[in-house]
Structure formats: C-alpha cells, structure tokens
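J.: I am attaching a structure below and will ask some questions about it afterwards.
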Amino acid sequence: MEEKKVAVVGAGLVGSLLAVLLAKKGMQVDVFERRPDLRKAKAIGGRSINLALSNRGFKALSLAGFEQEIRDISIPMYGRKMHDVEGNLTYQAYGKDNEAIYSVSRGQLNQKLMNLADDFENVNYRFDRTCEDIDLKKNEIAFENYNSKEKEHFSYDHIFGTDGAFSAVRGVLQKTPMFNYSQEYLPHGYKELSFPANPDGTHCMDKNCLHIWPRGEFMMIALPNLDGSFTVTLFFPMKGEVSFESLDSEKKVVDFFNTTFPDAVPHMPTLVEDYFSNPTSTLVTVRCSPWNYEDKVMLLGDASHAIVPFYGQGMNSGLEDCTVFFEMYEKHKNDVQKLFESFSEQRVPDGNAIADLALYNYIEMRDLAGDKNFLLRKKIERKFSDLYPDKWMPLYSQVTFSYIRYSVALAAGNRQRKIMDEVMEMNNIHDNWDDQEVIDKILLLLA
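Here it is, written out as structure tokens:
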C-alpha cells in the first residue's frame, strides 16, 4: 500500500488522524472536507459538545506521536458528581488509582490534528468540496467545489470515508448488493448551554468531575473548559408535555430551570439567550456492514458506526478504528483485500456493541445515577473488584480504561449484571452489603 494515492473524505477527528497515520506509511493523502477550513472560522459552531477522551482515544493519538500535546489542552475528570433537585451532591469515582476521562474541546482537538496532518508534505487538504458520487469501478470520486461551483473528478487507489453519521461515501455503498444499513433516532435531542467562568477566571464548580443532573426522563450534564467555563448540555425529549417543543417562551424556560435545576440556574446568566439561539440537535445511532467495498473503499468512525454520546465513546471508538486498522495493516499490508475484509469483520461487532452500551448508559445516567439501589450495586461491585481484580473488572472500566474489545466487554457486562441482580435480591442487602456472605455469593455465582 505504500506510495499509493488515497483519499480521506471528511476532515473531522477520525479523518485528520487517519491522514497522519496513512502519511506516515508513505502514502499520498488527499483530505476532502465539505465545510471551510475550521482553523479559519471565526467561531467553532455546531456540534461543539465537549468530548471525553479516554484510554482508547489516547492510544490512537500516541500512534501519531501526539498524545502529550492533547493532554496539555484537556482537563482530567476523576468521577461523576450527581446533583439532585435539592442540590445535594453524590460523587462516584470513574476508576481506581486516579483513573480519569479527559474533557477536551472538539474544535481545539480537530484544529490540532489538522495542523499535525499539514506538517506532512504528502497530505493535501481540499476544503469546500461536497462528495457527490463515487464510480466504484474506477474508484473515481466526483466533488462539487463550493466556491467555483465546478464539478471535480479525482481517482485513487483507496478511498476512506470518515465523513460522519450522514456519510456521502456510505450513501454510495448503500446502493451496492449485500450492504446492510440501519439508523435509529432517539426521541430525545440535545441543546448546548453554558456556565461562564467566575469573575476571577476560576470554575464555578469542581472542574475535575463530570457533573450530571439526572431527572428520570431527561438530564443535564456539564464538562469543564480550560478558560474556567463549563459546556453544559441538556438532553431532553424532542416532543411531548415536557420537551423542547413545549418550552417555547422565556417564562416557560426560566420557570422550568428554576424548578428542575435550581442549583445550576445561578451559574447561567445567559440561559434564555443560549436556549433560544443555540440549535436543538438530534441523536442518531447508525449501524452498517460490511464497512468495506472490496479493496477500494473503507468506512471508519461515525460513517460506519455513529452512536449516541452517553458512554463518552463516540470519538474514542472512531479513533480506535484507526489503531485497529494500523495494527492489522502490519499483518496484511501486502494483501489489501484481506486487510479491508479482516478489519470490517473484526470491527462491525465492536461497533454494534458500543452502540448498544451507549443506549443503555443513557438510561443509567438519567434514571439510575441517583438511585440508591444503583449506587449500592456500584459500591458492592467496586469492593469485589478491589478484592479480586483478576475476577471482576467493572463494565465501565472495561469500556473506558482498557483496550478490551467492546463486544467482549458487553458480553462480560451482561454476565456481571445477572450476577448483581441476584446479589441485590439477598435479604437486607442495604444493611448487610459489607458482609463476607455477599462476597461468597458473588464467588459462587462466578464459579
């Protein structure tokens, strides 16, 4: 594959990282992006939800020699802090021994990755290009140049589609035989709000936590930024009695927030302005298979497996696609057909597994995070895991702090959930959770 000419369609996080890794293998890489150059934009609008970088993402960044630079612009969050309606706080650590997930700005991270790719002579960015079609026989891509309005045609040895949940590259593959595709929207959407920094530039809440306001049918979260502010996201029904559709006046918004998130309102001086000026965005899960077309086209990231953001793994799983592809590349580089097929076969079940996990975690975060049975369950799991780390790794740790395949983690998590269901049925479990009898029961069920 070395010295081949390849196209990466989509200059987001996965596309820009992939361009770097392909360039490092000596390929000539053209990166196409339908939007203007993000680095020249006045403001980074749209999907600027902060991202939670964890081990899988950092592993991919370290392949590009870029890990430390990103750690320098991110903030560690060691646990989640739940806020109830009265303003009481419950803290839950994410892992052990100071394990953390890292809050990072999507825009800043994307700009850094683009700059890194630009440092390679064999990477060429082409912005304002909309992918219109791909001739799969010739592997020729047709673009419309937004500025000149002209049609442009380019041919490549291989094409990588990293152009997001509504991928134009995947759209072409959807018309090929035996290609499976589904998309499913949540009835909930999201809207971005904010907590500005204190007058002295400090954070208004603990900056080393992910803050959650779980409220049953919906929730709000806040992630810290380097400038002292928090990016706040309301995940909320699109339609219904209490929904984005029904909160349609300033008074309704203010009354709703005062009643539902009273401890947050004092930190939201621009609440009404943010609510009405920021877009309401949808949440979609996309699944497809295979991710490749022969040895010509490969999908990675959201183009192949868009997921909802509730496990903090959307970006991490997309970046991990790059890691896995390049691990396989070393094995199969002389047989690209085998490389593409093997990658697709291995990653499709993992993409489906993290999609399932993310959907389940939404229910956990909004309904269960403040529930006393749920919190006790986590406490028992943690105690057992501390005593027998070789027998039990909590599902969250498997997903977030390890490189265990998502499909393997999901299967282990289902097994652990059944065991914990039985443990929680034990007599007086809330009083006796710390007894040896509970540990013995888990050991018996594991055996």
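For the working numbering, count along the sequence shown from 1 and bump the result up by 29.
Quick reminder that beta carbons are idealized off the backbone N, C-alpha and C, glycines included.
None of these values were measured; they are calculated from a predicted model.
Would you kindly report the start and end of the unbroken beta strand (DSSP E) that includes residue 180?
T.: Segment 180 to 184, the beta strand (DSSP E) holding residue 180.
J.: What's the call for residue 250, buried or exposed, on a 16-neighbour Cβ count within 10 Å?
T.: So residue 250 ends up on the buried side.
J.: Report the residue from 459, 382, 393 and 470 whose alpha carbon sits nearest the alpha carbon of residue 441.
T.: Of the listed residues, the one whose Cα sits closest to residue 441 is 382.
J.: Is the beta carbon of residue 208 sitting closer than 8 Å to the one on residue 351?
T.: No, the pair does not count as a contact, with Cβ atoms beyond the cut-off.
J.: By DSSP, does residue 112 sit in helix, in strand, or in coil?
T.: Residue state, collapsed to three classes: strand.
J.: Is there contact between the region 465 to 475 and the region 407 to 424, where contact requires at least three CB pairs shorter than 8 Å?
T.: Judged by Cβ distances under 8 Å, the region 465 to 475 makes contact with the region 407 to 424, as three or more pairs qualify.
J.: Taking the alpha-carbon positions, what's the residue 199 to residue 349 distance?
T.: Each residue's Cα considered, the two are about 19 Å apart.
J.: Which of the three DSSP states, helix, strand or coil, is assigned to residue 97?
T.: Note: residue 97 maps to helix in three-state DSSP.
J.: With a threshold of 8 Å on Cβ separation, who are the neighbours of residue 254 within its own chain once the five nearest residues in sequence on each side are excluded?
T.: Excluding positions up to five away in sequence, the list reads 79, 104, 132, 134 and 260.
J.: Note the first and the last residue of the continuous beta strand (DSSP E) segment covering residue 372.
T.: Per DSSP, residue 372 belongs to no beta strand (DSSP E); it is in the alpha helix (DSSP H), 365 to 392.
J.: If you draw a straight line from the C-alpha of residue 311 to the C-alpha of residue 244, how long is it?
T.: Each residue's Cα considered, the two are about 19 Å apart.
J.: Going by C-alpha distance, which of 38, 284 and 252 is nearest residue 111?
T.: Per the Cα distances, 252.
J.: Would residue 449 and residue 406 qualify as a contact pair, given that the criterion is a beta-carbon distance under 8 Å?
T.: Yes, these two residues count as a Cβ contact at 8 Å.
J.: Counting only the same chain and skipping the five closest in sequence on each side, list residues whose C-beta sits under 7 Å from that of residue 75.
T.: A caution first: residue 75 carries a pLDDT of 42, below 50, which makes its placement in the model too unreliable to give a value.
J.: What do you get for residue 99, buried or exposed, if any count of 16 or more other CB atoms within 10 angstroms of its CB means buried?
T.: Answer is buried; the Cβ neighbour count reaches 16.
J.: State the CB to CB distance for the pair residue 38 and residue 48, rounded to an integer number of angstroms; the pair is presumed to be in contact (CB under 8 Å).
T.: Between residue 48 and residue 38 the Cβ distance is about 11 Å, and since that is not below 8 Å, they are no contact.
J.: Could you compute how far the alpha carbon of residue 270 sits from the alpha carbon of residue 136?
T.: So the two alpha carbons sit approximately 34 Å from each other.
J.: Work out the CA separation of residue 391 and residue 458 for me, nearest whole Å.
T.: Rounded to whole angstroms, residue 458 to residue 391 spans 26 Å at the Cα level.
J.: For residue 89, count neighbouring C-beta atoms within 10 Å of its own C-beta (all shown protein chains included) and say buried if the count is 16 or more, exposed if not.
T.: Residue 89 should be labelled buried.
J.: How would you call residue 353, buried or exposed, if buried means at least 16 neighbouring beta carbons within 10 angstroms?
T.: Buried is the call here.
J.: With a threshold of 7 Å on Cβ separation, who are the neighbours of residue 218 within its own chain once the five nearest residues in sequence on each side are excluded?
T.: Only 265, 267, 273, 309, 310, 311 and 312 meet the Cβ criterion.
J.: How is the alpha helix (DSSP H) around residue 481 delimited, first residue to last?
T.: Past the boundaries of the shown model lies residue 481; the chain is included only from 30 to 476, so the question cannot be answered.
J.: Apply the 10 Å Cβ neighbour rule to residue 146 and answer buried if 16 or more other Cβ atoms are within range, or exposed otherwise.
T.: Burial call: buried.
J.: Three or more beta-carbon pairs under 8 Å between the region 113 to 125 and the region 281 to 298, yes or no?
T.: Short answer: they touch.
J.: Quick one: measure Cβ to Cβ for residue 44 and residue 345, integer angstroms, because I've assumed they're closer than 8 Å.
T.: Their Cβ separation, rounded to whole angstroms, is 16 Å, which puts residue 44 and residue 345 out of contact at 8 Å.
J.: If you scan the region 164 to 219 from start to end, which runs of the alpha helix (DSSP H) of 4 or more residues do you find wholly inside it?
T.: Segments of the alpha helix (DSSP H) lying fully in the region 164 to 219: 197 to 202.
J.: Where does residue 75 fall in DSSP's three states?
T.: Low confidence applies to residue 75: its pLDDT is 42, below 50, so where it sits in the model is not reliable, and the reading given next is rough at best. DSSP places residue 75 in coil when its eight states are reduced to three.
J.: Could you give the DSSP three-state label for residue 430: helix, strand or coil?
T.: Here residue 430 sits in coil by DSSP.
J.: Use the C-beta contact count for residue 192: other C-beta atoms within 10 angstroms, 16 or more gives buried, fewer gives exposed.
T.: So residue 192 counts as buried.
J.: Distance, Cα to Cα, residue 451 vs residue 444?
T.: So the two alpha carbons sit approximately 11 Å from each other.
J.: May I ask you to report which of helix, strand or coil DSSP gives residue 289?
T.: Helix, per DSSP.
J.: So what does residue 221 bridge to, in DSSP terms?
T.: Answer is 262.
J.: Taking the CB atoms as reference points, tell me whether residue 233 and residue 182 lie closer together than 8 Å.
T.: No, they are not a contact pair.
J.: Between which two residues does the beta strand (DSSP E) harbouring residue 234 extend?
T.: Looking at the DSSP string, residue 234 is not in any beta strand (DSSP E), and its letter there is neither H nor E.
J.: Taking residue 130 as part of the beta strand (DSSP E), name the residues at either end of that continuous run.
T.: Its beta strand (DSSP E) spans residues 130 to 133.
J.: Run the CB neighbour count on residue 305, radius 10 Å, all protein chains shown included, and call it buried at 16 or more, exposed below.
T.: The residue is exposed, with fewer than 16 neighbouring Cβ atoms inside 10 Å.
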